[in-house]
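Student:
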Amino acid sequence: MQELTHYIGGAHVKGNSGRFADVMNPATGEVQARVPLANADEMAKAVDIAAKAQPAWAAVNPQRRARVMMAFVGMLHRDMDKLADALSREHGKTLPDAKGDVIRGLEVVEYCIGAPQMLKGDYTDSAGPGIDMYSMKQALGVTAGITPFNFPAMIPMWMFAPAIVCGNAFILKPSERDPSVPLMLAELMEEAGLPKGILQVVNGDKEAVDAILYNDTIQSVGFVGSTPIAEYIYSTGCAQGKRVQCFGGAKNHMIIMPDADMDQAADALVGAGYGAAGERCMAISVAVPVGDDTADRLLEKLVPRVEALKVGPYTSGNDVDYGPVVTAAAKANIERLVQTGIDQGAKLVVDGRNFNLQGYEDGFFVGAHLFDNVTKDMDIYKTEIFGPVLSTIRAQSYEEALGLAMDHEYGNGTAIFTRDGDTARDFANRINIGMVGINVPIPVPLAYHTFGGWKKSMFGDLNQHGPDAFKFYTRTKTITSRWPSGIKEGGEFSIPLME
Ligand code: NAD
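Sequential numbering from 957 applies to the sequence shown in this note's numbering.
(1) For aspartate 1081, I'd like the list of residues in its chain whose CB is within less than 7 Å of its CB, leaving aside the five on either flank, ordered along the chain.
(2) If you scan the stretch 984-1054 from start to end, which runs of the alpha helix (DSSP H) of 4 or more residues do you find wholly inside it?
(3) Please determine whether the Cβ atom of cysteine 1237 lies at a distance below 7 Å from any heavy atom of the ligand NAD.
(4) Out of curiosity, what's the CA-to-CA distance linking isoleucine 1005 and methionine 1218?
(5) Among Ala1224, Ala1371, Lys1207, which has the Cα closest to the Cα of leucine 1255?
(6) What residue from Tyr1337, Thr1434, Ala1221, Phe1428 has the CA that sits closest to glycine 1393's CA?
(7) Specify the secondary structure class of tyrosine 1316 as computed by DSSP and reduced to three states.
(8) Could you spell out where the alpha helix (DSSP H) holding lysine 1412 opens and where it closes?
(9) Please state if the CB of asparagine 1368 and the CB of cysteine 1202 are separated by a distance shorter than 8 Å.
(10) Measure the beta-carbon distance from valine 1165 to alanine 1142 and round it to whole angstroms, keeping in mind my assumption that it falls under 8 Å.
(11) Buried or exposed, going by whether 16 or more other CB atoms sit within 10 Å of the CB of glutamate 1317?
(12) Using DSSP's beta-bridge definition, name the partner residues of asparagine 981.
(13) Do the CB positions of alanine 1371 and isoleucine 1189 come within less than 8 Å of each other?
(14) When you compare only the Cα positions, how much space is there between aspartate 1249 and threonine 1296?
(15) Around the Cβ of isoleucine 1435, are there at least 16 other Cβ atoms within 10 angstroms (buried) or fewer (exposed)?
(16) Assign histidine 1047 to one of two classes, buried (16 or more other C-beta atoms within 10 Å of its C-beta) or exposed (fewer than that).
(17) Under three-state DSSP, which class holds glycine 1417?
(18) Let me make sure I understand the geometry here. Which of Asp1417, Lys1433, Ser1437 has the alpha-carbon closest to that of valine 1177?
(19) Tell me whether valine 1226 sits in a helix, a strand or coil according to DSSP, three-state version.
(20) Rounding to the nearest angstrom, what Cα-Cα distance links glycine 1181 and isoleucine 1154 in this structure?
(21) Within the present structure, is the beta-carbon of isoleucine 1005 separated from the nearest heavy atom of the ligand NAD by less than 7 Å?
(22) Is any heavy atom of the ligand NAD found at a distance shorter than 7 Å from the C-beta of alanine 1206?
(23) In angstroms, rounded to a whole number, what distance separates the CA positions of valine 1262 and glycine 1123?
(24) Please state if the CB of leucine 1096 and the CB of tyrosine 1354 are separated by a distance shorter than 8 Å.
(25) Helix, strand or coil for alanine 967, going by three-state DSSP, please let me know.
(26) Counting only the same chain and skipping the five closest in sequence on each side, list residues whose C-beta sits under 6 Å from that of glycine 971.
(27) Below 8 Å between beta carbons: does that hold for valine 1246 and methionine 1210?
(28) In terms of residues, what are the limits of the alpha helix (DSSP H) holding methionine 1074?
(29) Note down, one range per segment and in chain order, each beta strand (DSSP E) of at least 3 residues found wholly within the stretch 1327-1355.
(30) Can you name the start and end residues of the beta strand (DSSP E) that aspartate 1081 belongs to?
(31) Specify the secondary structure class of proline 1423 as computed by DSSP and reduced to three states.
(32) Just to confirm my understanding: we take histidine 1364, look at its own chain, exclude 5 residues before and 5 after, and list those with CB closer than 6 Å. What are they?
(33) Would you say the beta carbon of tyrosine 1090 is closer than 7 Å to some non-hydrogen atom of the ligand NAD?
(34) Here's the rule: buried if 16 or more other CB atoms are within 10 angstroms of the residue's CB, otherwise exposed. What is methionine 957?
(35) Check whether the stretch 1125-1137 and the stretch 1093-1109 are in contact - that is, three or more C-beta pairs closer than 8 Å.
(36) For aspartate 1172, which residues in the same chain have their Cβ closer than 7 Å to its Cβ, ignoring the five residues on either side in sequence?
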């Protein structure tokens, strides 16, 4: 069986903690590799190497740092098929989805090529007699990121590209479910010209995460994953004096108004609800048709589409709509929640139970499920299921639909489908959710905007990518300077406000 490594100091390094996690092939249910789980000593070694390498990297001018990103983009294109194959083999998602995972990360790397512009400071000439004032954005030092299984290429790149282009060293602790692509990305960054020790991958679980949180040298921690872990990392990291941003779980509502185009709404729900087996933090998991007539018209369109979804292994190419979920435990959890929905009185209008794929009986495949008549108090409504299960909750008015989305504890993404500009505008203004789609079911902002939810979907002040990333990965220093030739005889130090 393949034994994976860490990537420390520019080399693949075997784990020495003696602890490992199995890396599964979700399509077959087989263990295909094992990944070492680092202990605090291994993490400390990586941090030490990062701390030694970082000052020289920060001293490289921003344009040269950006050129590494430029070269890296070329390598991502060159190795796209290899990366997508490795990603699908461990995650289970289809090859087009795996390529999308790489591309949405690559777009942030492209954005980082603009670092020289983003890192420029401000300058005030003659802020006082002979006094100039300027600010600079400096790297933090050693930074770290902890990432989830569901986007093993995109989310690491969203973190390490801005961190590194700002002059930091970065330690990535990827998900132990699909660690191969993060290791490949670290190798590619060095091939692109990054000095050794600036990007390191330390695999692990809670022990490695705690070793990050309690390491005094690490200045900042980024996290993406489930909400309970996000809360833990945010509170622990902040208490240790680190800069922390944590992005958590979601329950994204899509409101369908009576005037919506029902074919478009149904197509959108199928893609956003079931794509990637529902394992996206921006997946739509709740459909909220307004009025019973709207609900009936929507379901008439939706049910046949959901029933027609093709589920299979990524090796089937473009012939499948989605693949298996990530682990046997994830599958069991989804099945348990579906049963809870039935027990609590929701109507299962598309029943994906007992889904069986010939030749892949041990894979973690879950059939598509669609519920109607879901209510607020049900577990399937309150909980993030993270599987191919869409709940329909009928609202009798726009205000009731809006209230549902606003009252839910999560606030990552949402969408409204309508032809009415007033309703769309009102929704965009009033909703307390971070990313909003108007006739767009998965409104993931592009690289030059920022990504982040509200409420229990985000802990921290700054979003991912876009201008916020450059703020998160730098500190501002402001310098006030006066030179002897600028000091008039008998002149006092003064700036205008004090005169
Ligand atoms: P997870 O929380 O189980 O794991 C995320 C990371 O935390 C992994 O690296 C894991 O090793 C680590 N971890 C797990 N348990 C830990 C513990 N007890 N202490 C410290 N670290 C621990 O999440 P996941 O299952 O990998 O990913 C799915 C979740 O991520 C979903 O909730 C999804 O909504 C969320 N997600 C959110 C966003 C967003 O931007 N808001 C994006 C993608 C995924």
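Just so you know, even glycine gets a beta-carbon here, dropped at the ideal spot from N, CA and C.
Computed from a predicted structure; not experimentally measured.
Tutor: This is what the structure holds:
(1) Cβ within range, chain order: Asp1088.
(2) 996-1015, 1018-1034, 1036-1047
(3) Correct: cysteine 1237 has its Cβ closer than 7 Å to the ligand NAD.
(4) 57 Å
(5) Ala1224
(6) Ala1221
(7) coil
(8) Looking at the DSSP string, lysine 1412 is not in any alpha helix (DSSP H), and its letter there is neither H nor E.
(9) no
(10) That belief does not hold up - the Cβ atoms of valine 1165 and alanine 1142 are roughly 18 Å apart, past 8 Å.
(11) exposed
(12) Beta-bridge pairing by DSSP links asparagine 981 to Glu986.
(13) Result no, Cβ atoms of alanine 1371 and isoleucine 1189 do not sit closer than 8 Å.
(14) Aspartate 1249 and threonine 1296: Cα-Cα distance of roughly 27 Å.
(15) exposed
(16) buried
(17) Before going on, a small fix: residue 1417 reads as aspartate here, not glycine. Of the three classes helix, strand and coil, the one that applies to aspartate 1417 here is coil, per DSSP.
(18) Of Asp1417, Lys1433, Ser1437, the residue nearest in Cα terms is Asp1417.
(19) Three-state result, valine 1226: helix.
(20) 24 Å
(21) False, no ligand heavy atom lies under 7 Å from that Cβ.
(22) Yes, the beta carbon of alanine 1206 sits closer than 7 Å to at least one heavy atom of the ligand NAD.
(23) Straight through space, the alpha carbons of glycine 1123 and valine 1262 are spaced by roughly 47 Å.
(24) no
(25) Alanine 967: strand per DSSP, three-state reduction.
(26) Pro992
(27) no
(28) 1071-1074
(29) 1345-1348
(30) If you look at aspartate 1081, you'll find it in the beta strand (DSSP E) that goes 1079-1084.
(31) helix
(32) Lys1207
(33) no
(34) exposed
(35) yes
(36) none
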